[in-house]
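Written out below as structure tokens is the structure these notes cover.
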Amino acid sequence: MHHLFGLTCQDITRLVSESMDRTLPLTQRIKIRIHLGMCKYCARFEKQVHFLRNVCRKHEELPSATTLSAQARDRIRHALRASTAEH
Amino acid sequence: MTPHHVLEAPEEWVDLYGDYLYRFALARTSDPGRSEDLVQETFLAALKSRRNFKHQSSPRTWLTAILKHKIIDHLRKFKREQTWDSEEALDRKTDEMFDGAGHWSIRPRRWDAHPGDHFEQKEFLKILYTCLAGLPKRIAEIFIMREMEGSSTEEICQVMEVTSTNCWTMLYRARNGLRRCLQLNWFDAMK
Numbered sequence: 064m065h066h067l068f069g070l071t072c073q074d075i076t077r078l079v080s081e082s083m084d085r086t087l088p089l090t091q092r093i094k095i096r097i098h099l100g101m102c103k104y105c106a107r108f109e110k111q112v113h114f115l116r117n118v119c120r121k122h123e124e125l126p127s128a129t130t131l132s133a134q135a136r137d138r139i140r141h142a143l144r145a146s147t148a149e150h
Numbered sequence: 077m078t079p080h081h082v083l084e085a086p087e088e089w090v091d092l093y094g095d096y097l098y099r100f101a102l103a104r105t106s107d108p109g110r111s112e113d114l115v116q117e118t119f120l121a122a123l124k125s126r127r128n129f130k131h132q133s134s135p136r137t138w139l140t141a142i143l144k145h146k147i148i149d150h151l152r153k154f155k156r157e158q159t160w161d162s163e164e165a166l167d168r169k170t171d172e173m174f175d176g177a178g179h180w181s182i183r184p185r186r187w188d189a190h191p192g193d194h195f196e197q198k199e200f201l202k203i204l205y206t207c208l209a210g211l212p213k214r215i216a217e218i219f220i221m222r223e224m225e226g227s228s229t230e231e232i233c234q235v236m237e238v239t240s241t242n243c244w245t246m247l248y249r250a251r252n253g254l255r256r257c258l259q260l261n262w263f264d265a266m267k
């Protein structure tokens, strides 16, 4: 994939990333789309950075029955009380 | 109407949020003892800064944000052989993916092994957090604010005192660094 519209793969990856943080002008968006349609590595890059975003925003909570032990609970409560008294 | 959340009294925190935060830390560190300590540190830090609690987000979200930073700090301490300890090193790492003409020299490989079941997701999260801890601190912080907390770049620029162009560049480098770290430590390893 060569310099289509004067944009290299390096330029395209920068723009793909930037488009996740702000809205790019329409002409640039079109150039990116055309490049991605023709270049499988840049297309892969785009998929992967979007996957990264989704995985970061989605995995907030994992269902689990794990809980703090009674001892840990007491210890943390105690530390909090001690610290509250200080302030 | 914007939500108005109220932060409960500190003595209620352990019962209300303790288990949730503990699970959150455990999934990312796999270290029960350390996770208990991280929960405690989170509550203590929250106690100190509770005047900064913004009523638009829930107490749980607010506490989790504090915990995330604690986890990264913890992982950073245990990661001596850091690949990208300086921002310059990460810059070089990003640039070497392309040749002088801007073509790919290290091409992205396919990602087939998307984390499936519960166990795999836990393992994946651990690796994601370890990769995050390998990024230069400022870049990891900006990435967390943007991709985990969903802050706008305007907010990030204000808090971190960087220009928006700088911010976009740092996010680009963070995404690249994480992408390559996950490639090596998860996707290639799962083959």
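Line by line, the protein sequences give chains H and W. Just so you know, we're using the numbering used here here: the first sequence kicks off at 64 and counts up by one. Just so you know, we're using the numbering used here here: the second sequence kicks off at 77 and counts up by one. Think of the CB as a built atom: it goes at the ideal place given N, C-alpha and C, for glycine as much as any other residue.
- In terms of Cβ geometry, H/C72 and W/W180 form a close pair [threshold 8 Å].
- Along the segment 160-183 of chain W, going in chain order, the ones with a CB nearer than 7 Å to a CB of chain H are F174, A177, G178, H179, W180, R183.
- Between H/A133 and W/Q116, the alpha-carbon positions lie close to 14 Å from each other.
- For H/D84, the closest of W/I147, W/K169, W/D175, W/I232 by C-alpha to C-alpha distance is W/I232.
- In this structure, the straight-line span from the alpha carbon of W/L247 to that of W/M224 is close to 12 Å.
- For W/D95, the residues of chain H that pass the 7 Å Cβ criterion are T130, L131, in the order they occur in the chain.
- Distance from the Cα of W/P79 is smallest, within the candidate group W/Q132, W/A121, W/R99, for W/Q132.
- Using a Cβ-Cβ cut-off of 8 Å, H/R140 is close to E87, V90 of chain W, given in chain order.
- Remark: C-beta atoms of W/I147 and W/A101 approach each other more closely than 8 Å.
- Rounded to whole angstroms, the gap between the alpha carbons of W/P108 and W/Y98 is 8 Å.
- Non-local C-beta neighbours of H/L99 in its own chain, meaning closer than 7 Å and more than five positions away in sequence, comprise C105, A106, E109, ordered along the chain.
- For W/W244, the secondary structure class from DSSP, reduced to helix, strand or coil, is helix.
- Nearest CB-CB separation between H/R120 and chain W: below the 8 Å threshold.
- Taking a Cβ-Cβ cut-off of 7 Å, the neighbours of W/E112 in chain H comprise L131, A135, given in sequence order.
- The continuous stretches of alpha helix (DSSP H) do not include H/F68, and DSSP gives it neither H nor E.
- Three or more pairs of CB atoms, one per stretch, sit closer than 8 Å, so the segment 249-259 of chain W contacts the segment 198-211 of chain W.
- Between the beta-carbon of W/F263 and that of W/A189 there is about 6 Å, and that keeps the pair under the 8 Å contact cut.
- Here the alpha carbons of H/A128 and H/L143 stand approximately 25 Å from one another.
- Interface annotation for the segment 112-136 of chain W against chain H: E112, V115, Q116, F119, L120, L123, criterion Cβ-Cβ distance under 7 Å.
- Going by DSSP, W/V90 is part of the alpha helix (DSSP H) stretching over 86-105.
- Straight-line spacing of the CA atoms in W/K213 and W/R183 works out to 26 Å.
- By the C-beta density criterion, H/H141 is exposed, having fewer than 16 other C-beta atoms within 10 angstroms.
- By the neighbour-count definition (other C-beta atoms within 10 Å, threshold 16), W/T118 is a buried residue.
- Inter-residue distance for W/V238 and H/P88 is about 23 Å (C-alpha atoms, whole angstroms).
- In the three-state scheme derived from DSSP, where H, G and I count as helix and E and B as strand, W/W138 is classed as helix.
- Contacts between W/W262 and chain H, judged by CB atoms closer than 8 Å, are missing: the closest CB pair is about 11 Å apart.
- Chain order gives the chain H residues near W/R222 as D84, where near means a beta carbon separation below 8 Å.
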